[in-house]
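All letters in the sequence shown, in the order written, are residues 101 to 317 by the numbering used here. Worksheet for the structure shown next.
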Amino acid sequence: MEHLIAPSMLSADFLRLGEDIEMINNSEADWFHLDVMDGVFVPNISFGLPVIKAISSLAVKPLDVHLMIVEPEKYITAFRDAGADILSIHYEASVHLHRSLQAIRQAGMKAGVVLNPHSPVALLSDILEFADLVLIMSVNPGFGGQEFIANTFRKIKELKQMIYEQGLNVQIEVDGGINRYNAADLVEAGADVLVAGNAVFKAHDPMEEIRVLKSLL
Ligand code: DX5
Ligand code: ZN
101 MEHLIAPSML
111 SADFLRLGED
121 IEMINNSEAD
131 WFHLDVMDGV
141 FVPNISFGLP
151 VIKAISSLAV
161 KPLDVHLMIV
171 EPEKYITAFR
181 DAGADILSIH
191 YEASVHLHRS
201 LQAIRQAGMK
211 AGVVLNPHSP
221 VALLSDILEF
231 ADLVLIMSVN
241 PGFGGQEFIA
251 NTFRKIKELK
261 QMIYEQGLNV
271 QIEVDGGINR
281 YNAADLVEAG
291 ADVLVAGNAV
301 FKAHDPMEEI
311 RVLKSLL
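See the structure below:
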């Protein structure tokens with residue numbers, strides 16, 4: 101399967117958000133990656149429902165919402181109503197993950213589970229069949245522009261193997277520190293979706309950078 105590119109709007113220029121959304125609309129990017137942080141689960145606060153609703157009104161590609169919040173189960177229908185197509189919640193923030201993933205699917209969205217860098221892939225063996233996507237964090241969540249953690253490659257391969265052994269169709273997304281220099285190796289290891297924040301928005305030509313990440317030239 102051809103890999104997907106999901107630019108993280110956390111690194112966009114919020115004073116020109118409309119222009120950046122149009123740029124993504126017109127680019128080869130596949131999804132909008134939207135990072136919601138509550139200042140409790142992670143040591144940073146980003147944006148929430150009203151901003152996602154505004155992005156949804158202009159975006160012509162799926163909204164991939166990454167919740168870095170405690171008690172994510174409380175807000176499932178609220179994010180659906182704001183326009184989320186894919187909703188991912190952290191393994192580390194979900195006491196009743198099975199119930200929450202089912203609620204996300206019942207609300208009409210794709211359900212994603214996110215693993216922090218310290219959480220082993222093996223934790224997912226009894227929940228994988230209830231997820232549409234697994235997001236492997238390749239940095240500690242909370243900030244854009246951090247350095248990629250190299251053990252991610254091993255985690256992607258382990259997860260790919262687990263998905264294969266269980267006969268499932270689950271997408272593997274990777275998030276944090278991804279750029280034109282490690283993208284090809286990540287896809288080679290088994291990643292289906294690459295998130296990129298700084299690599300895209302700090303580039304001299306963001307649309308061209310997306311093209312490079314998409315074509316892996
Ligand atoms: C980090 C976020 C990421 C971040 C990625 O907590 O989940 O999506 O925006 O940014 P870069 O690509 O700059 O590491
Ligand atoms: Zn993210």
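Using N, Cα and C, we set each Cβ at its ideal position, and we do this for glycine too.
Problem set entry | Complete beta strand (DSSP E) runs within the region 182 to 264 (minimum length 3 residues, chain order) | 186 to 190, 210 to 215, 233 to 237
Exercise. Nearest to LEU224 by alpha carbon, out of ASP305, GLU258, PRO162?
Worked result: Counting from 1 along the sequence shown, the entry for residue 224 is found at position 124. Among ASP305, GLU258, PRO162, the Cα nearest to that of LEU224 belongs to GLU258.
Exercise. How is the alpha helix (DSSP H) around ILE155 delimited, first residue to last?
Worked result: For the purposes of this step, residue 155 is taken as the residue at position 55 of the sequence shown. Taken as a continuous stretch (DSSP letters only), the alpha helix (DSSP H) holding ILE155 covers 149 to 158.
For this session: Note the first and the last residue of the continuous beta strand (DSSP E) segment covering VAL170.
Result: If you number the sequence shown from 1, residue 170 lands on position 70. Premise fails: VAL170 is in no beta strand (DSSP E) and is neither H nor E.
Problem set entry | Shell residues, 5 Å Cβ cut-off relative to heavy atoms of the ligand ZN | ASP135, HIS166, ASP275
For this session: Might you give, ordered along the chain, the residues of its own chain that have their beta carbon closer than 7 Å to the beta carbon of VAL312, omitting 5 neighbours on each side?
Result: By one-based count along the sequence shown, residue 312 stands at place 212. Result list for VAL312: ARG280, in chain order.
Exercise. Whose CA, out of PHE132, SER156, GLU265, ASN240, lies closest to the CA of LEU110?
Worked result: Taking the first residue of the sequence shown as 1, we reach residue 110 at position 10. For LEU110, the nearest C-alpha among the options comes from PHE132.
Problem set entry | Neighbourhood of GLY277 by C-beta, 6 Å cutoff - its chain only, sequence neighbours within 5 removed | For the purposes of this step, residue 277 is identified with residue 177 of the sequence shown, where counting begins at 1. Answer for GLY277: SER238, VAL239, GLN246, GLU247, PHE248, listed in chain order.
Exercise. Any idea if SER194 is buried or exposed, counting beta-carbon neighbours within 10 angstroms, 16 or more meaning buried?
Worked result: Here residue 194 refers to the residue found at position 94 of the sequence shown. So SER194 ends up on the buried side.
Exercise. So is GLN206 in contact with chain D if we call contact Cβ pairs under 8 Å?
Worked result: Absence of chain D from the displayed structure is noted, only one protein chain being present.
For this session: Evaluate the contact criterion for the region 302 to 312 versus the region 254 to 268: three or more CB pairs, one atom per stretch, below 8 Å.
Result: no
Problem set entry | Whole-number beta carbon distance between ILE227 and VAL42, since they are thought to touch under 8 Å | Because residue 42 is not part of the residues shown, which for the chain are 101 to 317, the question remains open.
Exercise. Quick one: does the C-beta of ALA159 sit closer than 7 Å to a heavy atom of the ligand DX5?
Worked result: Residue numbering aside, residue 159 sits at position 59 when the sequence shown is read from its first letter. Result no, Cβ not under 7 Å from the ligand DX5.
Exercise. So, using beta-carbon positions, are PRO241 and ASN216 closer together than 8 Å?
Worked result: Here residue 241 refers to the residue found at position 141 when the sequence shown is read from its first residue. Here residue 216 refers to the residue found at position 116 when the sequence shown is read from its first residue. Contact: yes.
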